[in-house]
Ligand code: CO
């Protein structure tokens, strides 16, 4: 019904600069994009992996959601993000199927994309982010 592609796998880290340096040294990969997303309390960087991405997340403070995640669970997998063509339709579908949504309405995330989180209970303890990526214009 919906075309889900894997947009990114997100890893929570204590030190974004150090993590990026490790990715560069070990895998030769440089970030495509780096951004502070104040609303989510993170600084994030995207690394291209084939047609998808690894997203590294560093909390801006210890009380942000990712900060609390790090203090209780340590560094590691934070969420997976699935790209959808129509996030509103995907949310209505999930809701109609009884899925527990963290965001009932999309909000704006990194890269200006519309995003919404689905409760980890709906996917074996893994937080899922839906992403409707806005097409990148050539003129800006
Ligand atoms: Co994400």
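In our numbering, the protein residues as written are 4 to 143. Idealized CB from N, CA, C, for every residue including glycine.
Problem set entry | Alpha carbon of residue 91 to alpha carbon of residue 49, nearest angstrom | Counting from one through the chain shown, the residue named residue 91 turns up at place 88. Counting from one through the chain shown, the residue named residue 49 turns up at place 46. Cα-Cα distance, rounded: 24 Å.
For this session: Take residue 63 and list the residues in its own chain whose beta-carbon comes closer than 8 Å to its own, dropping the five residues that flank it on each side.
Result: Numbered from 1 along the chain shown, position 60 holds the residue referred to as residue 63. So the qualifying residues of the chain are 39, 41, 44, 45, 46, 70.
Exercise. Secondary structure at residue 105, three-state DSSP: helix, strand or coil?
Worked result: Translated into positions along the chain shown, residue 105 becomes position 102. Coil, per DSSP.
Problem set entry | For residue 114, the first and last residue of its enclosing alpha helix (DSSP H) | Position 111 of the chain shown, counting from 1, holds the residue named residue 114. In the DSSP assignment, residue 114 falls outside any alpha helix (DSSP H) and carries neither an H nor an E.
For this session: Run the CB neighbour count on residue 93, radius 10 Å, all protein chains shown included, and call it buried at 16 or more, exposed below.
Result: The residue you call residue 93 lines up with position 90 of the chain shown. With 16 or more other Cβ atoms within 10 Å, it is buried.
For this session: With residue 68 as the anchor, note down where its alpha helix (DSSP H) starts and where it stops.
Result: Position 65 of the chain shown holds residue 68. 68 to 76 is the span of the alpha helix (DSSP H), which, as asked, contains residue 68.
Problem set entry | residue 164, DSSP secondary structure in three states | Since the displayed the chain opens at 4 and closes at 143, residue 164 lies outside it and no answer follows.
For this session: Just mark residue 144 as buried or exposed, buried being the case when its beta carbon has 16 or more other beta carbons within 10 Å.
Result: Look at the range of the chain in this structure, 4 to 143, and you will see that residue 144 is not part of it.
Exercise. Span of the beta strand (DSSP E) holding residue 55?
Worked result: Locating residue 55 in the chain shown gives position 52, where the first residue counts as 1. Annotation for residue 55: the continuous beta strand (DSSP E) segment containing it runs 55 to 62.
Problem set entry | residue 120 - partner residues in DSSP beta bridges | Along the chain shown, read from residue 1 onward, the residue named residue 120 stands at position 117. When beta bridges are read from the DSSP output, residue 120 appears opposite 132.
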